[in-house]
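Chains as they are written, first to last, in the working numbering: chain R, 16 to 98; chain B, 16 to 98; chain A, 58 to 209; chain E, 58 to 209.
Each residue gets a CB set at the ideal place from its N, CA and C atoms; glycine is no exception.
Structure, as structure tokens:
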Amino acid sequence: MKALYFAWVRERIGRAEEELAPPPDVATVGDMITWLKTRGEEYAYAFENGRTIRAAIDRIHVKHDAPISGAREVAFFPPMTGG
Amino acid sequence: MKALYFAWVRERIGRAEEELAPPPDVATVGDMITWLKTRGEEYAYAFENGRTIRAAIDRIHVKHDAPISGAREVAFFPPMTGG
Amino acid sequence: MAVAPTIRVQSEPFDTATEIAALATGRTDIGAVVTFTGLCRDEGGRLARLDLEHYPGMAEAEMGRVADEALQRWPLFGLTVIHRYGPIRPGEPIVLVVTASLHRTAAFDAAEFLMDYLKSAAPFWKKEVLAESSEAGWVDARHEDQQALARW
Amino acid sequence: MAVAPTIRVQSEPFDTATEIAALATGRTDIGAVVTFTGLCRDEGGRLARLDLEHYPGMAEAEMGRVADEALQRWPLFGLTVIHRYGPIRPGEPIVLVVTASLHRTAAFDAAEFLMDYLKSAAPFWKKEVLAESSEAGWVDARHEDQQALARW
């Protein structure tokens, strides 16, 4: 699946997107955040307050308990500040 | 004092304004409506539902119990429909 | 912050963009601008036009009083209220309110407050001139417009 | 009444008057038009500009979902939502909402609803670039913007 990062999540990780293949026990968005934090300091920093991070699957807002199976695109970002 | 009439009050009375000198016992706007109704059929028609008529003294909205003493300009009109 | 509202009563049409620009151009402190434009409808082809009667002098005074009240209630950077009188054809604007503030809530609330009060307190009266017969009749005040005042 | 909302995400400025005209010109059924324009402030000279990041594709989709929700809730004749991205200087517009309806209440309520939801659900992020130091920092989400959703 494709992972996308925006705003300071993107800046902390140091990239805007990447292809990822999470292990099979990574079932939900929350699991994915926990798994991402193990991938290096930059991820640990980006997700240090993991519960404040918002997520979207295939461009639709989801909560952290949403399953990621079948997702083509999973995005992580801070609370939005548009408008 | 000058009396002004607007919208269908004006149309029913047949004039937009006139100089009036109400008798001394006409103390309030309500009294003035009662007195005006005695001035002819056209006034009786204009004020037939006297309580629905709005009034202003010197260009400020007033209720029917407002005193008219000292008023330079008293206006009578239907509920407003601007905006 | 002493803001002088712009109040105009006029027969000619107005241009919303010009009025927004007059309020906001060259400023960098405004975060939110809300406009309300009230337009003449043809009521499904029934209306040829509206004839708007007003009380000259009191119309401006009342609009000014409502504007001053809005400026006291909300932190506004600017405020414009324009109301037309005379013949107005379907599709043409009748009334314009523009409010400018730091955040959106003040601009929205002040614009709604102004419209609610203008509807029921500004001395204007609409007469409908029908398309078919050229007959004309005064518009009745809407009960909803009276009720709308209760919330402020 | 099937109304197709106009949704645009763009880097270039927009013109409020053009957007009002696109919605209302030539129509004689609209009684009320409300616009909201959100502008870039300089925060007392502190800001050089905002850099707006967005999620291409999802921004348009989310704005469309919020617009469709507004069209279901209120009887609107037209609806326009435009949001810019990229560098935006103080005084420039960031976001525009235009709503058109028969009476004012629907137009006001729909515009406020749209802004409340865009603030908290449209994938845009503001970064402030300071005037003095050229330092930059991400804007924090406002608690008031989260609370504003509760009323709908």
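- Message: Quick check on the DSSP output: the alpha helix (DSSP H) that includes A/D202 runs from which residue to which?
- Response: For A/D202, the enclosing alpha helix (DSSP H) covers residues 200 to 204.
- Query: Looking at E/I87 and the ligand MG, is the gap between the Cβ and the nearest heavy atom below 7 Å?
  - Reply: In terms of ligand content, the structure shown is empty, and the ligand MG therefore cannot be addressed.
- A/T75 versus A/T85, A/G194, A/T92, A/S177, residue with shortest Cα-Cα distance: Considering only alpha carbons, the answer is A/T92.
- Item | Residue range of the unbroken beta strand (DSSP E) whose run includes R/L35 | It is not in any beta strand (DSSP E) - R/L35 carries neither H nor E in the DSSP assignment.
- Task: Would you kindly report the start and end of the unbroken alpha helix (DSSP H) that includes A/I77?
- Result: Per DSSP, A/I77 is one residue of the alpha helix (DSSP H) stretching across 73 to 81.
- Within chain B, the residues that A/A178 reaches when beta carbons sit closer than 8 Å: From the beta-carbon of A/A178, the residues of chain B found nearer than 8 Å are H76, M95.
- Message: Which residue wins for smallest C-alpha separation from A/H160, given the options E/A61, E/P70, E/E201, E/L107?
- Response: Restricting attention to E/A61, E/P70, E/E201, E/L107, the CA atom closest to the CA of A/H160 is found in E/E201.
- Does B/W23 get closer than 8 Å to chain A when you measure Cβ to Cβ? At least one C-beta of chain A is nearer than 8 Å to the C-beta of B/W23.
- Using a beta-carbon distance below 8 Å, is A/L136 in contact with chain B? So, not an interface residue.
- Message: At 4 residues or longer, what runs of the alpha helix (DSSP H) sit wholly inside the region 17 to 86 of chain R?
- Response: Assignment of alpha helix (DSSP H) within the region 17 to 86 of chain R, counting only whole runs of 4 or more residues, yields 22 to 28, 44 to 51, 56 to 61 in chain order.
- Following the continuous alpha helix (DSSP H) through E/A168, name the residue where it begins and the one where it ends. For E/A168, the uninterrupted alpha helix (DSSP H) segment begins and ends at 161 to 178.
- Task: Could you name the residues of chain A that B/G65 contacts, counting a contact when the two beta carbons are closer than 9 Å?
- Result: Residues of chain A passing the Cβ test: none, with the nearest at roughly 16 Å.
- Message: Counting only beta-carbon separations shorter than 8 Å, does R/F62 have a partner in chain E?
- Response: Not an interface residue.
- Neighbour list for B/F92 in chain A, Cβ cutoff strictly below 8 Å: Ordered by position in chain A, the residues that pass the 8 Å Cβ test against B/F92 are Y112, P180, W182.
- Item | DSSP state of A/V155 mapped onto helix, strand, coil | In the structure shown, A/V155 falls within a strand segment according to DSSP collapsed to helix, strand and coil.
- Proximity test, Cβ basis, 8 Å: E/V123 and chain R: Answer no: the Cβ-Cβ gap between E/V123 and chain R never drops below 8 Å.
- Integer-rounded CB distance, given that A/H140 should sit under 8 Å from A/F181: Their Cβ separation, rounded to whole angstroms, is 6 Å, which keeps A/F181 and A/H140 in contact under 8 Å.
- Item | Cut-off 8 Å between Cβ atoms - residues of its own chain near R/K17, not counting five sequence neighbours on either side | Excluding residues within five positions, the ones whose Cβ falls inside 8 Å are E32, E33, E34, L35, R87, E88, V89.
- Query: Buried or exposed: which applies to A/E119, given that a residue is buried once 16 or more other Cβ atoms fall within 10 Å of its Cβ?
  - Reply: By the beta-carbon neighbour count (other beta carbons within 10 angstroms, threshold 16), A/E119 is buried.
- Using DSSP with H/G/I as helix, E/B as strand and the rest coil, what is E/A89? For E/A89, the secondary structure class from DSSP, reduced to helix, strand or coil, is strand.
- Message: If we define contact as Cβ-Cβ less than 8 Å, is E/E169 a contact residue for chain A?
- Response: Closer than 8 Å: yes.
- Query: Mind pulling the chain B residues with CB within less than 8 Å of A/A198?
  - Reply: Going along chain B in sequence order, the residues near A/A198 (Cβ under 8 Å) are P93, P94, M95, T96.
- Check whether the Cβ atoms of E/F71 and E/P147 sit closer than 8 Å, and answer yes or no. The beta carbons of E/F71 and E/P147 sit no closer together than 8 Å.
- Message: Here's a check: name, in chain order, each residue in its chain whose Cβ is nearer than 7 Å to the Cβ of A/Q203, leaving out the five neighbours to either side.
- Response: Same-chain partners within the cutoff: S177.
- Message: So for E/G194, helix, strand or coil by DSSP?
- Response: The answer is strand: DSSP assigns E/G194 an E or B state.
- Item | Span of the alpha helix (DSSP H) around A/R130 | Membership of A/R130 in the alpha helix (DSSP H) is indicated by the continuous run 115 to 130.
- Query: What does DSSP give as the partner residues of E/V60 in its beta bridges?
  - Reply: E/V60 is not bridged to any residue.
- When we look at the beta-carbon of R/R25 and count the other beta-carbons within 10 Å, is it buried (16 or more) or exposed? Buried: at least 16 other Cβ atoms inside 10 Å.
- Report, in whole angstroms, the separation of the C-beta atoms of A/V152 and B/G98, which I expect to be a contact under 8 Å. That belief holds up - the Cβ atoms of A/V152 and B/G98 are roughly 5 Å apart, short of 8 Å.
- Query: Taking Cβ positions, are A/P62 and A/G114 nearer each other than 8 Å?
  - Reply: Not a contact, by the Cβ cut-off of 8 Å.
- Using a Cβ-Cβ distance under 8 Å, would E/A74 count as near chain A? So, interface residue.
- Checking contacts by CB at 8 Å: is E/V186 closer than that to chain R? So, not an interface residue.
- Task: Establish whether the CB of R/A81 and some CB of chain E are separated by less than 8 Å.
- Result: Cβ-Cβ to chain E under 8 Å: no for R/A81.
- Can you give the beta carbon distance from B/I83 to B/E57, rounded, assuming they're within the 8 Å contact cut? Not quite, the Cβ-Cβ distance comes to about 21 Å (not below 8 Å), so this is no contact.
- Compare the beta carbon distance of E/A167 and E/L133 with 8 Å and say whether it is the shorter of the two. Note that the C-beta distance between E/A167 and E/L133 is below 8 Å.
- Task: Could you tell me which residues DSSP pairs with A/W182 in its beta bridges?
- Result: Secondary-structure assignment with DSSP links A/W182 through a beta bridge to A/E110.
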